[in-house]
Amino acid sequence: MCQIAQMGAFVKQNVYTVAQVNSYIRNMFTQDYMLRSIFVKGEVSNCKYHSSGHLYFTLKDDKGIIACVMFAGNRTGLSFKLEEGQMVVVGGMIDVYERDGKYQLYAKQITLDGAGLLYEKFDRMKRELESMGMFAPEYKQPIPKYSRTLGVVTAPTGAAVRDIINIATRRNPYIQIVLYPAIVQGNQAVQSIVNGIHVLERVGVDVMIVGRGGGSIEDLWAFNEAAVAQAVFDCSVPVISAVGHETDFTIVDFVADLRASTPSEAAELAVYDYALLMDRLSGYKAALGHAIQIQINRQKSRLESLQLQVRYLSPANQVQQRRMYVLELEDKLARFIDAAILRQRHRMALCAEKLKGLSPLDKLSQGFAFVEGMDHRVIHDVNRVKKGDIVQIYVKDGTIQAAVKEVKEGEYGKGSDIGTDI
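Residue numbers (our numbering): 35 to 456.
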């Protein structure tokens, strides 16, 4: 029963919904770098222009097919009417449509197969340069975090240079921008770009942006030439490539030390945000001041503790402590003596009471008499006197001197005479 329960729990833990599986597969597609930007060549079939402006079609070759869609917002990447049977190269991304659990190619640009020849040349050169190690990460130079001089190799007019200048100066108004007005398209573009890289390298800029705005693969081809790639690879200044739009890739993107998807992003990567730096420095200043104040308070407390220790261990304090100790002993001794005296007084009072009970004077006040001889010896039996002796008799209010006339022995309390006739 225990095994059955465990198996049931195991099966329960590994049961997923269809939506969860589709979502998981879509995440796998999303994390694949190659599928995020891919070019696929094939023959168009099942081409449909939807009323919403979206374009649905299928690419096929002799071994397979793949569903494709170009949304209305990407129709600017299509410069001709797509028709059945055309051989095209589709650039875009492959993703999963979660509802149907199907993957498809989301097209962002479509070119006829004539441009596809350039893609083949691009792939061939990419493999060649990669085999030479020009894309290796160990040759990539770090982009300086706080650049003071920014070099830009691009066309002197157009949106790219305006975006770079606007964003760079907005992020850091103190940045110095050195622009080399290069030709970025046509027969002279390759040599112009190479010259610009060499000139800015000699000027000694901190970081360099090499790029241009978007366009077709033919427009961007100068940045796929080996001479430009070699100039970027040999440059001692860190180079950021910024060619075309986010989906455009050129050989320079792989050779450069860092690739930006757009010229605007290149400016953000090359120039540190001055306001952010000031905020961070202010934070560091506040944190440092707080830490210093904590140390001051801690050392002040330690100093006060040491002062108390010194004051306690000083000779004067030790003498004072001994004096206080002696005074305490004196006080204890006085209390001890007072208590001893009190105890002795109490004892004396008890003894006095006992003595009072034994005192002859007390007996005299009760009617008894006290008799002693002339030698002051107490006479307490008849054997101590004889006829004719003079005795002293003490009573409560005085003394009587008498002579013994007769001595009789007898037993007290049996009717005989008590004492001596005087």
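All C-beta atoms in this analysis are idealised placements derived from N, C-alpha and C, irrespective of residue type, glycine included. What you are looking at is a predicted structure, and each value in this text was computed from that prediction instead of being measured.
Presumed contact (8 Å Cβ cut-off) between residue i and residue j, rounded CB distance
i: Val289; j: Val266; result: 5 Å
i: Asp197; j: Pro297; result: 5 Å
i: Ile217; j: Val244; result: In fact, because the Cβ distance is near 13 Å, the residues do not count as touching under 8 Å.
i: Val429; j: Ala403; result: 5 Å
i: Tyr306; j: Tyr180; result: 5 Å
i: Phe257; j: Val277; result: 5 Å
i: Asp423; j: Gly407; result: 7 Å
i: Asn351; j: Arg345; result: 6 Å
Start and end residues, beta strand (DSSP E) containing residue i
i: Tyr318; result: Segment 308 to 347 is the alpha helix (DSSP H) holding Tyr318; no beta strand (DSSP E) there.
i: Leu234; result: Note, Leu234: premise wrong, no beta strand (DSSP E); alpha helix (DSSP H) at 223 to 237.
i: Asp129; result: 121 to 131
i: Val273; result: 273 to 277
i: Phe404; result: 404 to 407
i: Val78; result: 72 to 83
i: Val103; result: 99 to 104
i: Ile434; result: 432 to 437
N- and C-terminal bounds of the alpha helix (DSSP H) containing residue i
i: Tyr58; result: 52 to 65
i: Val266; result: 260 to 268
i: Ser250; result: Ser250 -> no alpha helix (DSSP H), and no H or E assigned at all.
i: Leu93; result: Element bounds for Leu93: not the alpha helix (DSSP H) but the beta strand (DSSP E), 89 to 94.
i: Ala304; result: 297 to 304
i: Ile427; result: From DSSP, Ile427 is part of no alpha helix (DSSP H) but of the beta strand (DSSP E) over 424 to 429.
i: Ile285; result: 285 to 289
Short Cβ contact (8 Å threshold) for residue i with residue j
i: Tyr153; j: Ile251; result: yes
i: Val233; j: Tyr208; result: no
i: Val480; j: Leu116; result: Residue 480 lies beyond the stretch modelled for the chain, which goes from 35 to 456, so this question has no answer here.
i: Gln210; j: Thr183; result: yes
i: Glu443; j: Val419; result: no
i: Ala193; j: Gly247; result: yes
i: Val271; j: Val241; result: yes
i: Leu139; j: Val122; result: no
i: Leu254; j: Asp291; result: no
i: Arg205; j: Glu132; result: no
i: Glu299; j: Cys269; result: no
i: Val425; j: Val412; result: no
i: Ile177; j: Ala309; result: no
i: Ala101; j: Ser86; result: no
i: Tyr83; j: Val103; result: no
i: Val212; j: Gly185; result: yes
i: Asn56; j: Gly119; result: no
i: Leu163; j: Ala263; result: yes
i: Ile427; j: Ala437; result: no
> Which whole runs of the alpha helix (DSSP H) in the segment 146 to 219 are 4 residues long or more, in chain order?
Replying inline: Entirely contained in the segment 146 to 219, the alpha helix (DSSP H) runs reaching 4 residues are, in chain order, 147 to 165, 193 to 205.
> Is the segment 134 to 149 touching the segment 110 to 120 in the sense that three or more CB pairs, one from each, lie closer than 8 Å?
Replying inline: yes
> Does the segment 157 to 166 come within contact of the segment 87 to 95, defined as at least 3 CB pairs closer than 8 Å?
Replying inline: no
>> Pairs of beta-carbons, one from the segment 319 to 326 and one from the segment 217 to 236, closer than 8 Å: are there three or more?
In response: no
> Per the contact definition of three or more C-beta pairs closer than 8 Å, is the segment 59 to 75 in contact with the segment 121 to 130?
Replying inline: yes
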